[in-house]
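In mature numbering (1 follows the signal peptide of the UniProt record, and there is no 0), the protein residues as written are -24 to -1, 1 to 85. Report on one structure; see the data block that follows.
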Amino acid sequence: MRVLMISILTLVLGFAGIPTTVSAASSNIPDYAKWGIIAVKETQTKYNVDILDYKHIGRSSLSANQSREQFKLWVRAKDGKQFAVYVNVDFNPNTQQLKTVQFSESDRH
């Protein structure tokens, strides 16, 4: 009886869904996440600011070998000034190689 209980317990725990949960969590990472990290780091480096908010605007295909991810970052400078930085991250969608990062500023939300 004890062996049967251990076997059933092992089976139940084996099907507890832990591997499914891990794979489900990793599949929830959006395609643009890699480029969003680059946008945030490059903005912090260029402007020496704190990131207050982050928004993915979208992806556009510029050509067969170039795509653009667009982000809007709301930032605060060291003097307290807040402003938006729009970041374009251009990359090769086939090789995932970064091409350029472009910035433009706005004082509007």
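We put the beta carbon where it would ideally sit given N, CA and C, even for glycine. Source: prediction; values computed, not measured.
Query, Result
"Start and end of the beta strand (DSSP E) containing Ala53?", "Ala53 -> no beta strand (DSSP E), and no H or E assigned at all."
"Alpha carbons only, please: which of Ala15, Asn41 and Asn24 is nearest the one belonging to Thr71?", "Asn41"
"Could you check whether Val63 and Gln73 sit closer than 9 Å to each other, using their CB atoms as the reference points?", "no"
"Nearest-angstrom Cα distance between Asn24 and Trp11?", "19 Å"
"Can you find the residues in the same chain that come closer than 8 Å, C-beta to C-beta, to Lys54, ignoring five residues on each side of it along the sequence?", "Asn24 and Val25"
"Would you kindly work out how many angstroms separate the C-alpha atoms of Asn4 and Ile13, rounded to a whole number?", "16 Å"
"For Ala9, count the other beta carbons within 10 Å of its own beta carbon; 16 or more makes it buried, fewer makes it exposed. Which is it?", "exposed"
"So, with DSSP's three-state summary, where would you put Ala40?", "coil"
"Say the cut is 8 Å; is the CB of Glu45 nearer than that to a heavy atom of the ligand MN?", "The ligand MN is not among the ligands present in this structure, which contains no ligands whatsoever."
"Taking the alpha-carbon positions, what's the Ser46 to Gly56 distance?", "Position check: residue 46 holds Gln in this sequence, whereas Ser was assumed. Approximately 25 Å, taken between the alpha carbons."
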